[in-house]
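Residue numbers (the working numbering), protein chains in the order written: chain A, 185 to 484; chain B, 185 to 484.
See below for the structure under consideration.
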DNA sequence: CAAAGCGATAGGAAAACCCGATGATAAAGC
DNA sequence: GCTTTATCATCGGGTTTTCCTATCGCTTTG
C-alpha cells in the first residue's frame with residue numbers, strides 16, 4: 185500500500201509514467217499496474233488516462249495530500265529508528281535562501297560536531313521553492329524568511345535578522361560613507377538578486393517606500409555572482425550585512441550599512457509541521473534556539 | 185508495510201500474539217513473521233520476546249506512535265475516497281459521556297438526515313476512556329468535557345454547557361423548592377455517577393467548595409440507573425438539567441435547578457487532530473457549530 | 001504517412017505470503 | 001520433580017502476488 189502511494193507521489197511529480205518508474209527503480213508496466221491497484225483499492229480513478237498522462241483527477245489531487253502525509257510519516261519512522269540504532273544519524277536535506285548560506289554552514293557544522301553521523305545536503309533555493317521542496321518531501325528543513333510571506337504548515341524557529349548593507353569597491357562614490365539611505369541609491373547601478381527571490385522583493389519595497397527605483401544592471405540567483413560583478417564591474421550590490429562582510433573580506437570592498445526604515449526581516453529554521461517530531465529535527469531546532477541571535481527572538 | 189504496522193497496533197493492544205492474530209484474521213505464525221519483518225525493515229527490536237509476549241521495547245513504543253498516525257491516515261484516506269464515490273457515507277464511531285447521550289442522539293439524527301448513507305455507533309464511556317479510544321483509532325469522534333481536564337491533540341467544537349439540577353420524587357423534602365444550593369445537599373442521600381467519571385469529579389468539586397460532602401448511596405456509570413434508583417428508592421440524583429428533564433418526564437419526578445457557584449462546564453465534539461481532515465468529520469463539525477447553544481460559544 | 005513517444009496488456013519467472021504442523025521454552029499444576 | 005499447558009518461533013508446502021520482458025494500440029510529430 186505504501187509502495188503504491190510512493191508511486192502516486194512519483195507520478196505526480198514526474199507527470200510521466202516512464203520517468204516516474206525510472207525514479208522508483210521499477211519498470212513502467214509495474215508502475216502502471218501499481219497505480220491501477222491503488223485505484224482499485226480506493227475505488228476511485230486517480231489519474232486521467234488517455235494514451236498520455238493527463239494529470240490527476242480531483243480525487244487524485246486529494247489522495248496526493250494523504251499520500252504525502254503517509255509516505256512522509258513512514259520515512260520519518262524509518263529515520264527515527266535508524267537514529268535509535270546508530271545514534272543521531274542519517275542525512276538531512278536543507279533548502280536555504282542564498283543570503284542565509286553562511287548561517288546554514290554555521291548550523292550544519294555545529295550540528296555535525298555534536299552528531300558526527302549526520303550528514304547534510306544544502307541547496308540554495310528561493311523561499312517559495314523551499315516551501316515546495318518541504319511539501320514534496322524533497323527537503324527535510326529549510327532556512328528562509330519567517331514573516332513577510334505566508335508559510336505553509338511548518339514549525340519554525342528564528343535565527344537572526346537581516347540588516348542590509350551596500351557593497352561596493354573602495355573607488356565607488358559611496359564607498360567612504362558611514363551610512364547610506366535607500367533614497368541615496370536611486371541612481372546607483374546595482375547587481376541584485378532576481379525578482380523571484382523574496383530578498384529582492386523586500387529590497388524593492390524598501391526602495392519604493394523611499395520613493396526611488398533600483399537600477400538593476402545585473403540580476404542573479406547567486407550572491408557570489410553579485411559580489412563578483414561588483415569586483416569586476418565596479419557596480420554595487422545590496423546584501424545582508426553579515427553575508428556582505430563574509431563575501432567582501434579580502435577583495436578590497438566597502439560595506440556600508442543602510443539606514444533602516446522598516447523592521448529587519450527575520451530569518452529562521454523551518455520544517456514541515458509534524459505531530460511526532462523526529463529526534464534529528466528536534467535536535468536541530470534545539471541547536472537553532474541556541475545559536476540564534478538575541479535580536480531574532482524579539483517579536484516585532 | 186502498512187499491514188505490518190497494523191499488526192503492531194493489534195499486538196500492542198492485545199498483548200498476545202494469538203489473540204492479536206485472531207483479531208487480524210490471520211494465523212499466529214503470520215503475525216509472528218510479520219512483526220519480525222517489520223523489525224528487520226526498521227532495523228530495531230520492537231517487541232520484548234521470551235516465550236511469552238514481554239511488552240514493547242522503548243523503540244517499539246515510539247514506533248507505535250508513528251504506526252497509529254500512519255495507519256489512521258491510511259484508513260482516513262480510504263474513507264474519504266469512499267465518500268467521494270458514494271457521497272458522504274460510511275460509519276462513524278462516537279464515544280460519548282453518559283450525560284451527553286441525548287445530545288449525541290440529536291447530533292446523529294440531524295446528521296443522518298442530511299447524509300442518509302452515514303451510520304453511527306454511539307458508545308457511552310468516561311471522558312478518559314474516550315480519549316483512549318480516539319488515540320487507539322477505536323473511535324472517530326467523541327462528546328466530552330472541553331475544559332477541566334487536559335485533552336490530547338484533538339480538534340474540538342463546543343456544543344453546550346452543563347447546568348446541574350437535583351432530580352427527586354415529588355415526595356422528597358426538597359421537591360417543592362424553586363432552587364437549591366450545593367450546601368443544602370450535604371445530608372441528602374444521593375445516587376451519583378461513579379468517581380472515575382469526570383461529571384462526578386465536577387460534582388465533588390462543587391460540593392467541596394460548598395463545604396459539604398456528598399452522601400452517595402448508589403453509584404453507577406449509567407444515568408438511567410441513577411434515575412431508576414430515584415424512582416424506586418426515593419433518593420435523589422444530580423444531573424445536567426437538560427438530561428434530567430429528558431429522563432424525568434413521565435415519572436412524576438421533580439427537577440430542581442442548583443445555584444451555580446462556578447462556570448458551567450462546557451461539553452463539545454472532539455476528534456483526533458488531523459491535518460487533512462476527512463469530509464465526514466468536517467461536516468460533523470460544521471453541524472456541531474450549527475446546533476450548538478449560543479451560550480456554549482462564550483469563552484469563560 | 002511514416003516514425004516516435006507513451007501507456008496498457010500479456011505471459012511467465014521469481015518472490016512473497018500464508019497456513020498447518022511442529023519445535024522450543026517457560027510457567028503452572030500435580 | 002515431573003508433567004502439562006500456554007505461548008511464541010520455525011519449517012515446509014502450496015498459493016497468491018509481484019515484477020520483468022515483450023508487444024500492442026493509440027496519439028502526436030515531422
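For glycine and all other residues, C-beta sits at the position ideal for the given N, C-alpha and C.
Note that the coordinates shown come from a computational prediction; the quantities given were computed from them, not determined experimentally.
Item, Value
"Can a CB atom of chain A be found closer than 8 Å to the CB of residue 185 of chain B?", "yes"
"Of the choices B:476, B:460, B:190 and B:366, whose alpha-carbon is the least far from that of residue 337 of chain A?", "B:460"
"With a cut-off of 8 Å on the beta carbons, I'd call residue 126 of chain B and residue 407 of chain B a contact; round off their distance for me.", "There is simply no residue 126 of chain B to check, as chain B begins at 185 and stops at 484 in what is shown."
"What residues are listed by DSSP as bridge partners for residue 437 of chain B?", "B:353"
"Quick check on residue 461 of chain B - is its C-beta less than 8 Å from some C-beta in chain A?", "no"
"I want to see whether chain A comes within less than 8 Å of residue 247 of chain B, judged by CB atoms only; does it?", "yes"
"Take every Cβ of the region 339–352 of chain B, pair it with every Cβ of the region 412–422 of chain B, and state whether three or more of those distances are shorter than 8 Å.", "yes"
"Buried or exposed, going by whether 16 or more other CB atoms sit within 10 Å of the CB of residue 426 of chain B?", "buried"
"If we call anything under 8 Å between Cβ atoms a contact, is residue 318 of chain A one with residue 450 of chain A?", "no"
"For a cutoff of 8 Å on Cβ pairs, would you count residue 214 of chain A as touching chain B?", "no"
"For residue 342 of chain A, count the other beta carbons within 10 Å of its own beta carbon; 16 or more makes it buried, fewer makes it exposed. Which is it?", "buried"
"What is the rounded straight-line gap between the Cα of residue 299 of chain B and the Cα of residue 382 of chain B?", "32 Å"
"Does residue 446 of chain B come out as helix, strand or coil in the three-state DSSP assignment?", "coil"
"Using only the alpha-carbon positions, how far apart do residue 213 of chain B and residue 452 of chain A sit?", "50 Å"
"Per DSSP, what are the beta-bridge partners of residue 424 of chain B in this structure?", "B:348"
"Output the residue ranges of the alpha helix (DSSP H) runs that lie fully inside the region 248–316 of chain A and measure 4 residues or longer, sorted by chain position.", "285–298"
"Using a C-beta cutoff of 8 Å, does residue 264 of chain B count as contacting chain A?", "yes"
"Let's see if you can read the secondary structure: which residues bound the alpha helix (DSSP H) around residue 473 of chain B?", "463–475"
"At a CB-CB cut-off below 8 Å, which residues of chain B make contact with residue 257 of chain A?", "250, 253, 254 and 257"
"If you draw a straight line from the alpha carbon of residue 241 of chain B to that of residue 412 of chain B, how long is it in whole angstroms?", "48 Å"
"With 8 Å as the threshold, decide whether the Cβ of residue 228 of chain A is near any Cβ in chain B.", "yes"
"Please work out which residues of its chain come closer than 8 Å, Cβ to Cβ, to residue 271 of chain B, disregarding the five sequence neighbours upstream and downstream, and give them in chain order.", "299 and 301"
"So that I know if they touch, is there some Cβ in chain A lying closer than 8 Å to that of residue 261 of chain B?", "yes"
"Is residue 446 of chain B buried or exposed, if buried means 16 or more other CB atoms sit within 10 Å of its CB?", "exposed"
"Is residue 360 of chain B helix, strand or coil by DSSP?", "coil"
"What residue does the alpha helix (DSSP H) around residue 226 of chain A start on, and which one ends it?", "212–226"
"Spatial neighbours of residue 390 of chain A within its chain, please: C-beta separation below 6 Å, excluding the five flanking residues on both sides.", "366"
"At 7 Å on the CB atoms, spell out the chain A contacts of residue 190 of chain B, in chain order.", "Neighbours of residue 190 of chain B on chain A: none; closest Cβ ~10 Å, over 7 Å."
"Comparing the C-beta of residue 243 of chain B with each C-beta of chain A, is any distance below 8 Å?", "yes"
"Between which two residues does the beta strand (DSSP E) harbouring residue 373 of chain A extend?", "373–377"
"So is residue 292 of chain B buried or exposed if we call it buried at 16+ other beta carbons inside 10 Å?", "buried"
"At 8 Å on the CB atoms, spell out the chain A contacts of residue 269 of chain B, in chain order.", "227 and 228"
"Based on DSSP bridge pairs, tell me the residues matched to residue 186 of chain A.", "Answer is none; residue 186 of chain A lacks a bridge partner."
"Give the single residue among B:311, B:188 and B:280 whose Cα lies nearest to the Cα of residue 250 of chain B.", "B:188"
"Do you know whose CA, among A:260, A:396, A:370 and A:471, lies nearest residue 296 of chain A's CA?", "A:471"
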